[in-house]
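Worksheet: the structure to be examined is printed underneath.
There are 2 protein chains.
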Amino acid sequence: MAIRVARKPSDAYQHGSLRQALVQAGLKLLSEGGAGALSLRAAAQLAGVSHAAPYRHFRDKDALVSAIAEQGFLLLTEAMQAELGRCRHEDAPRRLGALGQGYIGFALAHPGYLRVIFGGVIDKTNPPEGLLIAGQRAYDVLRGVVARGLEAGELSGGDPDTVALACWSMVHGFSMLCIDQALPSFVDRKTQLKIGAQMVRLLAVGVQTPAKR
Amino acid sequence: MAIRVARKPSDAYQHGSLRQALVQAGLKLLSEGGAGALSLRAAAQLAGVSHAAPYRHFRDKDALVSAIAEQGFLLLTEAMQAELGRCRHEDAPRRLGALGQGYIGFALAHPGYLRVIFGGVIDKTNPPEGLLIAGQRAYDVLRGVVARGLEAGELSGGDPDTVALACWSMVHGFSMLCIDQALPSFVDRKTQLKIGAQMVRLLAVGVQTPAKR
DNA sequence: CCTACCGATCGGTAGG
DNA sequence: CCTACCGATCGGTAGG
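Sequence lines, in order, name chains A and B. Sequential numbering of the first sequence, starting at 1, is according to our numbering. Sequential numbering of the second sequence, starting at 214, is according to our numbering.
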């Protein structure tokens, strides 16, 4: 009688669940090894299938990258909205602070998503429609808070897009500096979150209208 | 008589000038094709030499990457100091604005340098000393302006490093969003610089002490 | 600074 | 979803 070897991980995939497993594998490669570590073959190996299997679910490498990025945008949007829901204040500056906290928290928890979205891995010449929509939805959450704050007179500093872009730039820049390990190494995760919170408050004050300060 | 072919580019290199040519070639690859387009072989080909030649000047690929990054830090420092020299105001908020303009202007003009410095191309586990020093010098320019502004009472918002990090994060985040083409494509270069300038003023107001607003 | 070579990895396809 | 194969590219070394 033949010795029964342990089931291979591949046996666990069916009905297209391999697709999500490959997304997770790609994300893990990005998080641990950076953009250069992401390949279809490595993702397939991590998922326990042959290197030809991914082509049953993704037309090419770009398709996998886009799928990861789209999921990243969706989760980022959820993270920001969750933080917004937890914020009991109704004034725009504090709601902006909550958004920033959500963004930074998500970035530090899931660096792979930010690398694939912003790290130049995506081919921008021909982005799939779903990815554009997901990105727009994430931006609209921020823009909505800013626009309402400007209308209510709680914020100032320019048109909605300029102010929103300023907020986005700061939390995004801080997130990327943390992820890219550009900050001194003695700044640990806990300190990063603390500095992030302080910075977000600073920005909230900066865009607040002078009369309300 | 043998036909005399046109001189190969390789004939132009001597006395170690190939080293700088390889740095420039690597920079061009990074600027045009992103982090994934940088390889020792491609850089050698761009410089017109065999793929083994670079090893006469760089121990391995990491050494070339570090050399590009170090030069990037030096030029970034120069760009910030030049903009600071052109700033005729003495108050910290406006000097911070000049620094930010210098940073964004350099980033948009030389995206390859920022990609190699912050794009996760460098192996952070064992950075050469020269690179660390160059990075520290660039940061010190910013930190100096912030620290003097806090001492003079022109700025507020926290300790020097937190305020400096907030400023750095914003201009860095905006620069990366522009470079990574994460902004809508209808935002052209000119608009980017205009929005950048507006954003920098916004931040300058944000970190200004309330009494001086 | 060159040619020639090494092993490894990659994206992708053929054919089942 | 598999094995087997393709051409291309990579970092790096031997030897001159």
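All C-beta atoms in this analysis are idealised placements derived from N, C-alpha and C, irrespective of residue type, glycine included. Nothing here was measured: the structure is a model prediction, and the numbers come from that model.
Partner residues on chain A for residue i, Cβ-Cβ distance less than 7 Å
i	result
B/H270	In chain order: nothing, as chain A lies at least about 23 Å away.
B/I408	T162, L165
B/R308	Within 7 Å Cβ-Cβ: nothing; B/R308 doesn't reach chain A, min ~17 Å.
B/V418	G206
B/L390	S169, H172
B/L312	Within chain A, no residue comes near B/L312; the closest Cβ sits about 14 Å away, beyond 7 Å.
Beta-carbon spacing of residue i, residue j below 9 Å
i	j	result
B/P306	B/A417	yes
B/G325	B/L231	no
A/G100	B/L415	no
A/W168	B/G332	no
B/V329	B/I281	yes
B/G362	B/D304	yes
A/F106	A/A79	yes
A/E70	A/P128	yes
A/V200	A/G97	yes
B/V358	B/R308	yes
B/D275	B/D336	yes
A/L183	B/L378	yes
A/Q208	A/S156	yes
A/A42	A/Q24	no
A/H110	A/L27	yes
Buried versus exposed, by CB contacts within 10 Å (16 or more), residue i
i	result
B/E245	exposed
A/D159	exposed
A/T77	buried
A/A152	exposed
B/S279	buried
A/G72	buried
A/A2	Because the pLDDT of A/A2 is 43, which lies under 50, any placement of that residue in the model is unreliable, and the number read from its coordinates should be weighed accordingly. Classification of A/A2: exposed, given that the 10 Å Cβ count is below 16.
A/I104	buried
A/L132	exposed
B/G298	exposed
A/P210	exposed
A/A21	buried
A/A52	exposed
A/D60	exposed
A/A180	The question names Ala, yet the displayed sequence has Asp at residue 180 of chain A. A/D180 comes out buried.
B/S388	buried
B/A248	buried
A/K8	Note that A/K8 scores 48 on pLDDT, short of 50, meaning its location in the model is unreliable and no value can be drawn from it.
Chain B residues whose Cβ lies nearer than 9 Å to that of residue i
i	result
A/G91	Residue 91 of chain A is actually Asp in this sequence, not Gly. Those within 9 Å of A/D91 in chain B number zero; the least Cβ separation is about 16 Å.
A/F174	L378, A379, W381, S382, M383, H385, G386
Neighbour list for residue i in chain B, Cβ cutoff strictly below 7 Å
i	result
A/Q198	G371, T375
A/L84	The premise fails here: A/L84 is roughly 20 Å from chain B at the closest Cβ pair, so nothing lies under 7 Å.
A/L155	Within chain B, no residue comes near A/L155; the closest Cβ sits about 11 Å away, beyond 7 Å.
Chain-ordered chain A contacts of residue i [CB-CB under 8 Å]
i	result
B/K337	Q181
B/R328	G120
B/L363	What B/L363 touches in chain A: nothing, since even the nearest Cβ is about 13 Å away.
B/L321	Those do not exist, as B/L321 stays about 14 Å from chain A at its closest Cβ, beyond 8 Å.
Extent of the continuous alpha helix (DSSP H) to which residue i belongs
i	result
A/Y139	129-151
A/A98	92-109
A/E78	61-86
A/H172	160-179
B/E245	230-246
A/V205	189-207
B/A250	Counting along the chain, B/A250 falls outside any alpha helix (DSSP H), and DSSP gives it neither H nor E.
Within chain B, partners of residue i - CB distance below 8 Å
i	result
A/L46	Ordered by position in chain B, no residue passes the 8 Å Cβ test against A/L46, which lies about 20 Å from the chain.
Contact residues within the stretch 17-40 of chain A, judged by C-beta distance below 8 Å to chain B = Sequence-ordered contacts of the stretch 17-40 of chain A with chain B read G34, A35, G36 [C-beta pairs closer than 8 Å].
query = Mind listing which residues of the stretch 340-357 of chain B have their C-beta closer than 7 Å to chain A's C-betas, in chain order?
reply = Those residues of the stretch 340-357 of chain B that come within reach of chain A (Cβ to Cβ, closer than 7 Å) do not exist; the list is empty.
query = Taking any Cβ of chain A, which residues in the stretch 275-290 of chain B have a Cβ under 8 Å from it, in chain order?
reply = For the stretch 275-290 of chain B, which is checked against every Cβ of chain A, not one residue is closer than 8 Å.
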